[in-house]
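So the structure is just underneath, and the comments pick up after that.
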Amino acid sequence: MRLGRLRESVRRSRELPVVGPVVRAADRIWWARTIGRSELVDAEYYGTQLGFPRVPRALAIAHYVAWGFRRGMSLNPLFDDIVAGGELPEVLRVPALYAYLVSERETVRVHPWWDAEEYGREHGAPGLEHAWARRDTEIELTAAGWTMRMPVAEVRRRALRAASTWRRHRHHPSPAGSPAAVGLVRPLQARDRRYDAKLRQAAARATVDRVVVPLVGVDAAQWVSAHLLAHIVPDLTLRGESRRVAWTHMLKGAIAPLDVEVVVTLDPRAEFGDDEIDALVAAAGDDVAAVPAHLAQDGTIDGLGAAQTGGAVAWPILSGHPSEDLDPLDEIVSVPLLRSLSVAAPRAELRALLERTGVRSAASFADALRARMGVRVLTAVRPVLEEPLLVFDEPRPSGGTDPRDREAATALIEAAGFDVVEWRGSATGMIAPHLRWRRPHPDAQRWAIKTCAPAGQQGAIWGDVHFARGLAAALRRRGHSVVIDAYAARSRSTTYLDDVNVAVRGMDRIDAVEPGVNLLWIISHPEQITRDELAAFDRVFAASAGWSRRTTARWGIDVQPLLEATDTDVFRPQGVERTDEIVFVGKARGVARPSVVAPLRAGVPVRVYGPDWRTFIPHAAIAAASMPHADLPRRYESASVVLNDQFPSMRREGFIAIRPFDVVAMGGRVISEEVDGIEEIFGGAVVVYRDEAHLVELLRTDPDEIFPDAEHLAQIAARVRAEHSFDARAAVLDAAARSARARRPARPLR
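Numbering (the working numbering), first residue to last: 611 to 1360.
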């Protein structure tokens, strides 16, 4: 615990105005000294990335820790900084090679195409160090079923050759291959920490499709690893492009050598499943281009195509709406204008368009495409644009007026369940509709659940997202329409359509929004809450009876207790046999969580599922860096015991985390740190420990001696599912919203 507090103090000091620069400079000195003691530094390789092969070793290290690691530059050709960084803590602040050297090196994935972990197991040493010291040793490079063996010295030679071309983005194109039905253009941009997954998918599809990967202003690691992959997969074509290249120029060059019927090009910010790519290809026809319904970085609709509604800029249809507003639409809808960097269309049509004079941007391409073919959007294909666009020009079609566009846009709006009240201009020069939600029945309300989680793949592993989904399903069973907002969309432009807003308050503040009823449900971080935050809401709930009572007395604002809950659609006993495994599910949160660290230190085995644990526990204890939410019920039911702790402020203020609700609903058993009321709520299915020594003592005791028998546990589980389900919580929130609405003046027409 002391070490954890020290780490937190140092972390905070880096942000202080006077002390911060000194601490950060000391960091760089420490990183450089640690790296300097390693035999892994290849100054020639690093210098080649800089354009100066003869760089002194010390200078290479200094440049790397100060700047180079942020551009994916690496000090060793077998070490991909971007891939390795994804395995290591504080990747955005700390150079990956330093983090590797102070970690359990034999457990770190250091390269996208070489399994250093397996190599290390075979040779009894950290794979990277062993292979680098024996450069005549052959290593196996694999990707998507392709395999190649070559000596380390040859890997280095090829990496040096690729590195020498990185800064100028020269490429050595390979043949585009024989004729095929489909051509895939898969651009990559810089700072993409999922680039290897996209390349792996491209390599797999190259067995059937003709695949071109434009490397557009990418970082050094991406460039070198992509070129190495092209040696492994001979049918993969690479093209180097500068960051400032126009999208149309990139696409024209990529499809020029392809002898295919249909081309599909994908936005570099998004990941697609193979089935989604296939669906785009299948929907493209002789006179039709097919595009996905991209979601923006905040999780809202990026634009279901666009319409020229009379403004200087075309209106992205349904932009700013939650993704749930796509659900009522047909699976394929026609839109007036293309607004996407992902598109599938016949190659001949694309080539003809791109060779026309004046087609030099995504916007001019959209205008030209309109004259030749229709655009269809696949509304069920919803890849999130996970990162900012660092390359190309944004796909914003030009404005203008076309009555048919307003008609088409209005038809889509109505199909989504809204009516147009009027069309309004804006400061951006866009003319967009002001809408009214069409109630499916008189008692229906439109609810928006606002979370602290990010959108897309980053948010998919957050418990807040699954919390919101469970609550949404319960509210829908009560006849309401429900949408879920990521944190970045908490104040989206379309909030005026929502009757009720539920802010699920976790680690970040979520302000009330007008004009709907605003309910606040505080589930964690009570130490951050202020009186003015509570005062803005119509009703306030908190997942602690004690804190609710004390806060009501202190601030004179009524706070009602509303504990967390379990999703009974997911957490129902399945009859899975119990094992003897002690399980913990959760992230490290930057501290040595006692319920995990103390047992392991005492020699009690714990299987840990969650990210960011490398700094605190042996890698052997980490069963997986994550666990799909759908797999949690079986894991909880099969565990001998599930461990639970929570943020210190939650424990002090009596906030019980969601994990005990889920585990006990499965008939599982929990050992938890003490939280006010936890034993009474769970009636014996949760046993609390007083301190670390007591925790170890409990874990060394036969669980059957400290927990109720199976029949009693089943009764407790049934009671928890009945009393602490999201359906029970939804009933409370629904009643509160109706009460708050009744006290308000009549809501004006929206």
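Glycine included, C-beta positions come from ideal geometry on N, C-alpha and C.
All figures in this text were calculated on a predicted structure; none of them were measured in a lab.
> Sorted by chain position, which residues of the same chain lie with C-beta nearer than 6 Å to Ala1198's C-beta, five sequence neighbours on each side aside?
Replying inline: Mapped onto the sequence shown, residue 1198 falls at position 588. Within the same chain, Ala1198 has close Cβ partners Asp1222, Trp1223 and Phe1226.
> Pick from Val1001, Leu1173 and Glu1143: whose alpha carbon is nearest that of Ser1154?
Replying inline: Numbered from 1 along the sequence shown, position 544 holds the residue referred to as residue 1154. The candidate whose alpha carbon is nearest that of Ser1154 is Leu1173.
> Going by DSSP, which residues form a beta bridge with Gly895?
Replying inline: Here the question's residue 895 lines up with position 285 in the sequence shown. Val898, per the DSSP bridge assignment.
> Between the stretch 823-842 and the stretch 711-724, do at least 3 Cβ pairs fall closer than 8 Å?
Replying inline: yes
> Closer than 6 Å: is that where the CB of Ala635 sits relative to any heavy atom of the ligand MN?
Replying inline: This structure does not include the ligand MN; it has no bound ligands of any sort.
>> Gly1009 and Ala922 - do their beta-carbons sit closer together than 7 Å?
In response: Mapped onto the sequence shown, residue 922 falls at position 312. Mapped onto the sequence shown, residue 1009 falls at position 399. A contact, by the Cβ cut-off of 7 Å.
>> So, at 6 Å on beta carbons, what are the nonlocal neighbours of Ala1275 in its own chain, with the 5 sequence-adjacent residues on each side left out?
In response: Mapped onto the sequence shown, residue 1275 falls at position 665. Result list for Ala1275: Thr1176, Phe1181, Ala1327, Val1330 and Arg1331, in chain order.
>> Give the list of continuous alpha helix (DSSP H) stretches no shorter than 4 residues that lie fully inside the stretch 788-852.
In response: Fully enclosed alpha helix (DSSP H) runs of no fewer than 4 residues occupy 805-815 and 830-842 of the stretch 788-852, in order along the chain.
>> Looking at Tyr805: is its Cβ nearer than 7 Å to the Cβ of Leu794?
In response: On the sequence shown, position 195 is the one that residue 805 refers to. On the sequence shown, position 184 is the one that residue 794 refers to. No; because the gap between Cβ atoms is not below 7 Å, this pair is not in contact.
>> Give me the DSSP bridge partner(s) of Val943.
In response: As a working mapping, residue 943 is identified with position 333 in the sequence shown. Per DSSP, Val987.
> Along the chain, where does the alpha helix (DSSP H) that runs through Asp1074 open and close?
Replying inline: Mapped onto the sequence shown, residue 1074 falls at position 464. Gly1073 to Arg1087 is the span of the alpha helix (DSSP H), which, as asked, contains Asp1074.
>> Considering just the uninterrupted stretch of the alpha helix (DSSP H) at Asp1029, what are its terminal residues?
In response: Along the sequence shown, read from residue 1 onward, the residue named residue 1029 stands at position 419. Looking at the DSSP string, Asp1029 is not in any alpha helix (DSSP H); the run it does join, the beta strand (DSSP E), is Phe1028 to Gly1035.
>> Give me the residue from Asn1128, Arg853, Gly734 and Pro1136 with the minimum Cα distance to Arg1261.
In response: As a first step, residue 1261 must be located in the sequence shown, where it is residue number 651. Check the Cα spacing between Arg1261 and each of Asn1128, Arg853, Gly734 and Pro1136: the tightest is with Pro1136.
>> On the DSSP letters alone, give me the boundaries of the alpha helix (DSSP H) that Glu1302 sits inside.
In response: Taking the first residue of the sequence shown as 1, we reach residue 1302 at position 692. Looking at the DSSP string, the run of the alpha helix (DSSP H) that includes Glu1302 is Glu1302 to Leu1309.
>> Out of Ile1167, Val855, Arg1310 and Asp940, which one is the CA nearest neighbour of Val1216?
In response: Translated into the one-based positions of the sequence shown, residue 1216 becomes position 606. Of Ile1167, Val855, Arg1310 and Asp940, the residue nearest in Cα terms is Arg1310.
> Where does Arg1046 sit, in a helix, a strand or coil, going by DSSP?
Replying inline: Sequence index remark: in the sequence shown, residue 1046 carries index 436 (1-based). Three-state result, Arg1046: strand.
>> Within 10 Å of its beta-carbon, does Ser788 have 16 or more other beta-carbons around it, so buried, or fewer, so exposed?
In response: Taking the first residue of the sequence shown as 1, we reach residue 788 at position 178. By the neighbour-count rule (16 or more Cβ atoms within 10 Å), Ser788 is not buried but exposed.
> Among Arg1351, Gly661, Pro946 and Met1040, which residue has its Cα nearest to the Cα of Gly915?
Replying inline: The count along the sequence shown starts at 1 and reaches residue 915 at position 305. Of Arg1351, Gly661, Pro946 and Met1040, the residue nearest in Cα terms is Pro946.
> Is Glu750 helix, strand or coil when you go by DSSP?
Replying inline: Walking along the sequence shown from the start, residue 750 turns up at place 140. Strand.
>> Can you look up Ser1008 in the DSSP assignment and give me helix, strand or coil?
In response: The residue labelled residue 1008 in the question sits at position 398 within the sequence shown. Ser1008 falls in the strand class under three-state DSSP.
> Where are the beta strand (DSSP E) runs, 3 residues long or more, that stay fully inside the stretch 657-710, in chain order?
Replying inline: Within the stretch 657-710, not a single complete beta strand (DSSP E) segment reaches 3 residues in length.
> Does DSSP put Lys1197 in a helix, a strand or coil?
Replying inline: Position 587 of the sequence shown, counting from 1, holds the residue named residue 1197. Coil.
>> DSSP three-state label for Gln1184, please.
In response: As a first step, residue 1184 is located in the sequence shown; it is residue number 574 there, counting from the start. Coil, per DSSP.
> Where do the N-terminal and C-terminal ends of the alpha helix (DSSP H) with Ile1326 fall, by residue?
Replying inline: Position 716 of the sequence shown holds residue 1326. First-last of the alpha helix (DSSP H) with Ile1326: Ala1320 to Glu1333.
> How would you call Pro627, buried or exposed, if buried means at least 16 neighbouring beta carbons within 10 angstroms?
Replying inline: Against the sequence shown, residue 627 aligns to sequence position 17. Exposed, because fewer than 16 other Cβ atoms sit within 10 Å of the Cβ of Pro627.
>> Please classify Arg647 as buried or exposed, where buried requires at least 16 other C-beta atoms within 10 Å of its C-beta.
In response: Here residue 647 is taken as the residue at index 37 of the sequence shown, counted from 1. With fewer than 16 other Cβ atoms within 10 Å, it is exposed.
>> My assumption, with CB atoms under 8 Å, is that Asp1421 sits in contact with Leu995. Please give the rounded CB distance.
In response: No information on residue 1421 is available, as it lies outside the stretch 611 to 1360 that the chain covers here.
>> Contact between the stretch 799-818 and the stretch 762-780 is defined here as three or more beta-carbon pairs at a separation below 8 Å; is this criterion met?
In response: no
>> Arg1056 and Asp1108 - do their beta-carbons sit closer together than 7 Å?
In response: Working through the sequence shown from its first residue, we reach residue 1108 at position 498. Working through the sequence shown from its first residue, we reach residue 1056 at position 446. Yes; because the gap between Cβ atoms is below 7 Å, this pair is in contact.
> Which residues bound the alpha helix (DSSP H) around Ser1248?
Replying inline: Residue 1248 sits at position 638 when you count from the first residue of the sequence shown. Here the alpha helix (DSSP H) through Ser1248 covers Leu1242 to Ser1248.
>> Looking at Val843: is its Cβ nearer than 7 Å to the Cβ of Ala816?
In response: Position 233 of the sequence shown, counted from the start, is the residue given in the question as residue 843. Position 206 of the sequence shown, counted from the start, is the residue given in the question as residue 816. Contact: yes.
> Whole-angstrom Cβ separation of Ala893 and Ala903, contact assumed at under 8 Å?
Replying inline: In the sequence shown, the residue the question calls residue 893 occupies position 283. In the sequence shown, the residue the question calls residue 903 occupies position 293. About 12 Å; that fails the 8 Å criterion.
>> Beta-carbon within less than 8 Å of Arg1360's beta-carbon, same chain only, minus the 5 sequence neighbours each way: which residues are those?
In response: Position 750 of the sequence shown, counted from the first residue, corresponds to residue 1360. Low confidence applies here, because Arg1360 scores a pLDDT of 45, under 50, leaving its location unreliable; read the following figure in that light. Residues of the same chain with a CB within less than 8 Å of the CB of Arg1360, apart from the 5 flanking positions on each side, are Val1031, His1044, Leu1045, Arg1046, Trp1047, Tyr1106, Leu1107 and Pro1125 in chain order.
> Are the Cβ atoms of Thr747 and Val762 separated by less than 7 Å?
Replying inline: In the sequence shown, residue 747 corresponds to position 137, counting from 1. In the sequence shown, residue 762 corresponds to position 152, counting from 1. Result yes, Cβ atoms of Thr747 and Val762 sit closer than 7 Å.
> Can you round the beta-carbon distance between Ile671 and Ala706 to whole angstroms, since I take them to be within the 8 Å contact cut?
Replying inline: Here residue 671 refers to the residue found at position 61 of the sequence shown. Here residue 706 refers to the residue found at position 96 of the sequence shown. Contact doesn't hold; Cβ gap of about 14 Å is too wide.
> With a CB to CB cut of under 8 Å and the five nearest residues on each side skipped, what residues in its chain are close to Ile1167?
Replying inline: The residue labelled residue 1167 in the question sits at position 557 within the sequence shown. Correct list, in chain order: Arg1141, Leu1144, Ala1145, Val1150 and Thr1161.
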